[in-house]
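Student:
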Amino acid sequence: MFIRNAWYVVAWDFEVLADTVLERTVLGESIVVYRKADGEPVVMENRCCHRGAPLSLGRKEGDCIRCMYHGMKFDASGRCVEVPGQTLIPPKAKVRTYPVVQRTRWIWVWMGDPAHADPATIADTFSIQHPKWRTKPGYKHFGANVLLICDNLLDFSHLAYVHEKTFGGSSAIAEVRHEVTKLDHGIRIVRKVPDTVPAPYHQRLGHFPGRVNRWFDYTLSVTGMFIMTAGVQSVDRAWDDPDGALVFHSCQALTPETADATHYFFSHANNFALDDATVTEASYQSVAAAFEEDMRMIQAQAKVLARDPDRPLVPIAADLALTQYRAMVVEALAAEIEARRNV
Amino acid sequence: MFIRNAWYVVAWDFEVLADTVLERTVLGESIVVYRKADGEPVVMENRCCHRGAPLSLGRKEGDCIRCMYHGMKFDASGRCVEVPGQTLIPPKAKVRTYPVVQRTRWIWVWMGDPAHADPATIADTFSIQHPKWRTKPGYKHFGANVLLICDNLLDFSHLAYVHEKTFGGSSAIAEVRHEVTKLDHGIRIVRKVPDTVPAPYHQRLGHFPGRVNRWFDYTLSVTGMFIMTAGVQSVDRAWDDPDGALVFHSCQALTPETADATHYFFSHANNFALDDATVTEASYQSVAAAFEEDMRMIQAQAKVLARDPDRPLVPIAADLALTQYRAMVVEALAAEIEARRNV
Amino acid sequence: MFIRNAWYVVAWDFEVLADTVLERTVLGESIVVYRKADGEPVVMENRCCHRGAPLSLGRKEGDCIRCMYHGMKFDASGRCVEVPGQTLIPPKAKVRTYPVVQRTRWIWVWMGDPAHADPATIADTFSIQHPKWRTKPGYKHFGANVLLICDNLLDFSHLAYVHEKTFGGSSAIAEVRHEVTKLDHGIRIVRKVPDTVPAPYHQRLGHFPGRVNRWFDYTLSVTGMFIMTAGVQSVDRAWDDPDGALVFHSCQALTPETADATHYFFSHANNFALDDATVTEASYQSVAAAFEEDMRMIQAQAKVLARDPDRPLVPIAADLALTQYRAMVVEALAAEIEARRNV
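Protein chains in written order, with our numbering: chain A, 5 to 347; chain B, 5 to 347; chain C, 5 to 347.
1) Quick one, are the C-beta atoms of A/P103 and A/A121 less than 8 Å apart?
2) Against A/Y73, what residues of chain B qualify as contacts under a CB-to-CB distance less than 8 Å, listed in chain order?
3) Locate the beta strand (DSSP E) running through B/H145, then write down its first and last residues.
4) Any Cβ of chain C within less than 8 Å of the Cβ of B/A265?
5) Got a sec? Which residues, its chain only, sit under 6 Å from B/A97 by beta carbon, not counting five neighbours each side?
6) Using only CA atoms, which one of A/D42, A/Y329, A/G56 and A/R215 lies nearest to A/E65?
7) C/V251 and C/G228 - do their beta-carbons sit closer together than 8 Å?
8) If you measure from the beta carbon of B/S175 to each beta carbon in chain A, is any gap under 8 Å?
9) Output yes if chain A places a C-beta closer than 8 Å to the C-beta of B/L317; else output no.
10) Sort B/D221, B/D188 and B/V239 by Cα distance to B/T200 and report the nearest one.
11) Is A/C84 helix, strand or coil when you go by DSSP?
12) Any idea what DSSP makes of C/Y205, helix, strand or coil?
13) Flag this pair as yes or no: are the beta carbons of A/F269 and A/T259 separated by less than 8 Å?
14) Residues of chain B with CB closer than 9 Å to the CB of C/L21, please, in chain order.
15) What would DSSP say about C/Q305, mapped onto helix, strand or coil?
16) Compare the Cα-Cα distances from A/N275 to each of A/Y12, A/I320, A/D117 and A/F130 and report the closest residue.
17) Using only the alpha-carbon positions, how far apart do C/D17 and A/A10 sit?
18) At a cut-off of 7 Å, is A/D323 close to the ligand ADP when judged by its beta-carbon and the heavy atoms of the ligand?
19) How would you list, in chain order, the residues of chain B whose beta-carbon sits under 8 Å from the beta-carbon of A/C53?
20) Kindly indicate if chain A contains any beta-carbon less than 8 Å away from that of C/V87.
21) Quick one: give me the first and last residue of the beta strand (DSSP E) that C/Q328 is part of.
22) With 8 Å as the C-beta to C-beta threshold (strictly closer), list the residues of the region 137-157 of chain C near chain B in chain order.
23) Report the residue from B/I126, B/D23 and B/P141 whose alpha carbon sits nearest the alpha carbon of B/I132.
24) Please confirm if C/P94 has its CB atom under 8 Å from at least one CB of chain A.
25) Under 9 Å Cβ-Cβ, which residues of chain C neighbour A/L324?
26) Contact defined as beta carbons within less than 8 Å: I believe A/G75 pairs with B/Q305. What is the distance between those atoms, to the nearest angstrom?
27) Three or more C-beta pairs closer than 8 Å, one from the region 161-169 of chain C and one from the region 294-301 of chain C: is that the case here?
28) Does any residue of chain B bring its CB to less than 8 Å from the CB of C/E179?
29) What separation, rounded to the nearest whole angstrom, lies between the Cα atoms of B/V25 and B/V105?
30) State the Cα-Cα distance for the pair B/R344 and B/A15, rounded to the nearest angstrom.
31) What residues in the region 224-237 of chain C bring their beta carbon closer than 9 Å to a beta carbon of chain A?
32) DSSP has B/Y222 in a bridge; who is on the other side?
33) Against chain A, with Cβ distances strictly below 8 Å, would B/V13 count as a contact?
34) Can you find the residues in the same chain that come closer than 6 Å, C-beta to C-beta, to C/G147, ignoring five residues on each side of it along the sequence?
35) Just the Cα atoms here: how many angstroms apart are A/K144 and C/V333?
36) Using a Cβ-Cβ cut-off of 6 Å (strictly less than) and excluding sequence neighbours within five positions of A/I111, which residues of its own chain qualify?
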């Protein structure tokens with residue numbers, strides 16, 4: 005069960021080129037994504053209404069898609085516009101389409117009630133495409149429920165253990181208490197780690213002479229949208245002194261594929277060394293390596309939990325944010341179900 | 005659930021040689037096929053009555069088969085004739101056998117009530133072994149329910165899309181209406197496509213100077229036996245003028261393996277260019293390639309339908325034959341269940 | 005359902021070195037095995053009590069293990085001794101541990117009520133580590149329920165068929181009747197095969213001039229512990245004449261992994277040709293090859309039985325031991341369930 009009235013990232017822009025018919029499963033539903041002649045993306049259910057053949061095996065024809073089993077043709081609104089061998093088109097011959105928009109380099113789909121699909125509510129992912137920022141598109145497929153990944157993002161104490169050799173560097177991160185703020189549709193977390201050693205990848209990028217201050221400031225929405233600003237600066241300087249600091253803006257979108265798998269789209273942009281592409285590449289490689297570490301742990305955890313899903317867990321102080329977050333998700337789901345009932 | 009009182013093809017003759025013990029699953033049951041010393045085929049359930057070991061790991065000994073776990077030996081009627089270390093043979097020690105006959109080069113098994121197993125009802129597959137016809141044995145394993153393959157065979161409009169590059173060549177096939185005739189235990193379909201382009205593989209074999217007439221005349225029995233005569237002739241000549249025509253006789257047997265998989269035995273014989281083996285090989289290759297195209301589409305369709313099996317489909321005019329056919333299958337199944345009840 | 009109040013072999017000694025954290029599933033439960041600084045083995049459930057992360061991804065720290073997700077640290081008794089970022093340790097923060105001992109080269113775990121875990125009841129596996137015996141550690145993973153393997157061990161008539169080319173050599177083994185004796189917690193079987201041909205591997209090791217006497221004397225406990233002495237001697241000599249005889253002491257431990265899979269630990273020791281390592285290697289290779297033969301047959305049998313688990317089997321005289329044995333297992337299970345109820 006997922007929150008449906010929300011924008012979810014379905015693809016990077018470059019995954020859907022002029023002739024592509026991309027198949028993807030989102031919230032348990034198989035859909036296809038393609039572009040009209042003018043480049044506008046279209047999202048349609050991946051099932052011909054005639055005999056259930058997948059439209060992902062279909063052929064793009066102008067703004068339309070033709071099912072390549074018996075040749076039925078659908079326009080971008082999902083209406084059947086051609087049935088080979090017959091002139092009358094059955095009025096029920098249509099496939100479902102979904103609201104879709106592209107913002108910066110992400111294609112977003114709305115799987116819920118189209119009446120509520122307001123693009124103004126899409127998260128601001130400016131750093132993915134911005135003259136002052138550099139990034140590289142990232143994607144991972146996690147074999148785990150989205151909430152286990154949210155748990156991970158809501159408690160950075162794991163950096164000291166899961167990411168000891170990449171993001172971490174010291175148990176100091178685990179020992180510092182973070183500030184947790186409830187927002188309307190998500191949670192904000194600020195974690196300041198004073199006077200610590202730089203993470204291995206920060207040291208490679210920043211060449212700090214000694215110890216550093218690190219900080220993270222991020223929000224996670226109830227539908228898995230994670231936006232973070234994070235920085236490292238030498239202890240000799242003010243926390244917000246940009247000179248010599250490493251500052252990152254990270255956009256991460258968790259889109260449930262099914263109850264047991266999640267699409268993880270990410271961009272980890274830097275606003276320093278803009279002319280040095282190797283900095284962005286190195287930063288990307290470190291983030292991708294760290295996400296592998298998360299994936300390995302979370303997938304293993306998912307298997308353990310699946311054996312005995314109702315067995316109690318023992319909470320600790322660091323779980324505050326994830327406990328609050330999970331309560332908010334349950335609330336949002338309940339509200340959506342209630343709203344459907346009242347229609 | 006399958007119609008059991010019917011002859012199903014279980015194997016090509018060459019799959020069961022003198023010492024072979026072939027395992028195959030038919031209508032969800034695992035069976036073994038072997039030959040007696042005189043070459044007569046035997047079909048037996050693949051389960052020793054003693055401890056359930058598979059007889060497919062057994063050893064042929066004359067007309068008998070010996071289970072190679074604890075050595076029990078069964079004759080061709082399924083009766084146990086030896087228990088190592090004991091002289092008395094338990095009266096219940098027997099395994100089930102099934103009526104079986106070989107016709108032309110196919111071995112047919114009867115999985116239902118043996119009392120009704122009349123070999124006279126076996127379809128005529130003369131072209132598989134005939135001095136005036138040439139063919140090459142074909143087999144494919146489809147990961148889909150048999151009825152989805154029957155649907156495919158009952159609506160050749162798909163040739164224009166699925167087989168665009170092999171059997172098809174033009175959307176004309178989809179646009180022509182076929183004649184559908186209900187038979188006693190199946191459906192006959194005649195489709196005449198006048199003044200069209202030859203299919204790519206017809207052009208390779210027939211070197212037609214220009215446009216052609218094409219025709220298909222076939223029956224599909226309720227138990228998945230497909231027999232077709234099909235032809236192509238230049239538009240300049242009469243439809244039935246054999247001179248320069250390409251005429252094919254096709255025998256295709258769909259044997260359910262399980263509810264989700266089907267054995268597809270096929271032969272696509274030609275009665276022209278009898279001395280040119282490359283013609284038969286080329287024809288076989290084209291058919292095999294086309295069946296790959298069908299398989300890809302049907303298996304994908306099966307996955308889509310399995311997600312939501314009860315969701316309605318939107319019928320079109322071309323579905324007439326498959327709708328009639330599916331009704332006949334349901335009727336035949338119901339009659340068989342009723343007959344079992346009355347025993 | 006398994007007998008829990010019993011010692012099961014969980015690993016060979018060399019599988020758990022100083023820094024190893026070994027994951028293994030026993031009786032359907034995932035556990036980890038590691039060693040304290042003094043070498044004593046520890047067995048713990050493979051699930052951190054905090055968020056369910058697997059301790060098999062954890063890190064050994066002295067006698068403790070640290071979960072590498074959020075850093076909780078557990079001592080060898082399963083008690084949590086550190087929660088990063090918090091001084092108070094929740095009283096419920098502990099993971100289950102299991103009684104464990106090492107004997108000769110096997111590590112044994114007790115998955116049942118710790119109050120009953122008496123190491124004095126562990127089977128005597130002296131030949132695994134003894135100056136007068138030579139052996140090589142063996143392990144196989146069987147994709148079948150443990151009882152199907154016990155069946156196999158309780159009727160050596162299968163040697164003539166399954167192991168025709170390795171252990172068998174003649175149907176004489178199947179034709180001889182064995183003596184079956186009920187013990188307190190198992191069954192003893194003695195099978196004497198007089199005046200027969202040597203098994204192929206005996207002939208390779210023993211170079212007998214002609215026919216031989218063979219004998220097997222073994223016990224199988226209700227929890228799958230198999231201990232056997234077996235021998236071969238020329239027919240010209242007394243059965244118990246050690247001169248020129250081949251005598252083996254075999255320890256085989258069947259530990260259920262799940263209802264459908266079994267760990268098979270084995271040692272097949274010889275007490276002759278002590279200075280010739282090739283004899284032990286050859287003997288090991290023959291046993292390992294024979295166990296492959298068993299595995300292939302038993303896994304195939306398991307699949308056949310799984311299709312229709314309730315279908316009756318036809319007993320023969322050779323099934324006496326396995327029938328008695330299965331009754332004892334049911335009795336032991338029932339007693340254990342009854343005992344748990346009375347607590």
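Every residue, glycine too, gets a C-beta built ideally from N, C-alpha and C.
Tutor: For this structure:
1) On the first sequence, position 99 is the one that residue 103 of chain A refers to. On the first sequence, position 117 is the one that residue 121 of chain A refers to. Their beta carbons are under 8 Å apart, which means A/P103 touches A/A121 by this criterion.
2) Start at 1 with the first residue of the first sequence, and residue 73 of chain A comes out as number 69. What A/Y73 touches in chain B: H162, Y165, V166, M301 and Q305.
3) The count along the second sequence starts at 1 and reaches residue 145 of chain B at position 141. Its beta strand (DSSP E) spans residues G142 to F146.
4) Here the question's residue 265 of chain B lines up with position 261 in the second sequence. Chain C contact via Cβ: absent.
5) What you label residue 97 of chain B is simply residue 93 of the second sequence in a count that begins at 1. Excluding residues within five positions, the ones whose Cβ falls inside 6 Å are C53 and C84.
6) Counting from one through the first sequence, the residue named residue 65 of chain A turns up at place 61. Comparing Cα positions, the closest option is A/D42.
7) Here the question's residue 228 of chain C lines up with position 224 in the third sequence. Here the question's residue 251 of chain C lines up with position 247 in the third sequence. The answer is no: Cβ separation not under 8 Å.
8) Locating residue 175 of chain B in the second sequence gives position 171, where the first residue counts as 1. Yes, B/S175 counts as interfacial toward chain A.
9) On the second sequence, residue 317 of chain B is found 313 positions in, with the first residue counted as 1. Yes - at least one Cβ of chain A is within 8 Å of the one on B/L317.
10) By 1-based counting over the second sequence, the position of residue 200 of chain B is 196. Of the listed residues, the one whose Cα sits closest to B/T200 is B/V239.
11) By 1-based counting over the first sequence, the position of residue 84 of chain A is 80. Strand at A/C84.
12) One-based indexing of the third sequence puts residue 205 of chain C at position 201. Helix, per DSSP.
13) Here residue 269 of chain A refers to the residue found at position 265 of the first sequence. Here residue 259 of chain A refers to the residue found at position 255 of the first sequence. Yes, Cβ-Cβ distance for A/F269 and A/T259 is below 8 Å.
14) By 1-based counting over the third sequence, the position of residue 21 of chain C is 17. Within chain B, no residue comes near C/L21; the closest Cβ sits about 40 Å away, beyond 9 Å.
15) Counted from its first residue, the third sequence places residue 305 of chain C at position 301. If DSSP states are grouped into helix, strand and coil, C/Q305 belongs with the helices.
16) By 1-based counting over the first sequence, the position of residue 275 of chain A is 271. For A/N275, the nearest C-alpha among the options comes from A/F130.
17) On the third sequence, residue 17 of chain C is found 13 positions in, with the first residue counted as 1. On the first sequence, residue 10 of chain A is found 6 positions in, with the first residue counted as 1. In this structure, the CA atom of C/D17 is about 55 Å from the CA atom of A/A10.
18) The ligand ADP is absent from the structure shown, which contains no ligand whatsoever.
19) Counted from its first residue, the first sequence places residue 53 of chain A at position 49. Within chain B, the residues near A/C53 are L317 and V318.
20) In the third sequence, the residue the question calls residue 87 of chain C occupies position 83. Output row for C/V87: interface = yes.
21) By one-based count along the third sequence, residue 328 of chain C stands at place 324. It is not in any beta strand (DSSP E) - C/Q328 instead sits in the alpha helix (DSSP H) that spans L324 to N346.
22) D155
23) Sequence index remark: in the second sequence, residue 132 of chain B carries index 128 (1-based). Selected option, being the one with the closest Cα: B/P141.
24) To locate residue 94 of chain C, count along the third sequence from 1; it is residue 90. Chain A, which has a Cβ nearer than 8 Å to the Cβ of C/P94, makes this yes.
25) Locating residue 324 of chain A in the first sequence gives position 320, counting from the first residue. None at all; the shortest Cβ gap to chain C is about 11 Å.
26) Reading the first sequence from its first residue, position 71 is the one you call residue 75 of chain A. Reading the second sequence from its first residue, position 301 is the one you call residue 305 of chain B. A/G75 to B/Q305, Cβ: 14 Å. No contact.
27) yes
28) Your numbering for residue 179 of chain C matches position 175 in the third sequence. By this cut-off, C/E179 is an interface position.
29) Along the second sequence, one-based indexing puts residue 25 of chain B at 21. Along the second sequence, one-based indexing puts residue 105 of chain B at 101. Those two C-alpha atoms are separated by around 16 Å.
30) Position 340 of the second sequence, counting from 1, holds the residue named residue 344 of chain B. Position 11 of the second sequence, counting from 1, holds the residue named residue 15 of chain B. Roughly 28 Å between the two C-alpha positions.
31) none
32) Along the second sequence, one-based indexing puts residue 222 of chain B at 218. DSSP output for B/Y222 lists B/I193 and B/M232 as bridge partner(s).
33) Residue 13 of chain B sits at position 9 when you count from the first residue of the second sequence. Not an interface residue.
34) The sequence position of residue 147 of chain C within the third sequence is 143, counting from 1. A265 and Q303.
35) If you number the first sequence from 1, residue 144 of chain A lands on position 140. If you number the third sequence from 1, residue 333 of chain C lands on position 329. Cα to Cα, A/K144 sits roughly 49 Å from C/V333.
36) Here residue 111 of chain A refers to the residue found at position 107 of the first sequence. Counting only Cβ-Cβ distances below 6 Å, and skipping sequence neighbours, we find V14, A15 and P45.
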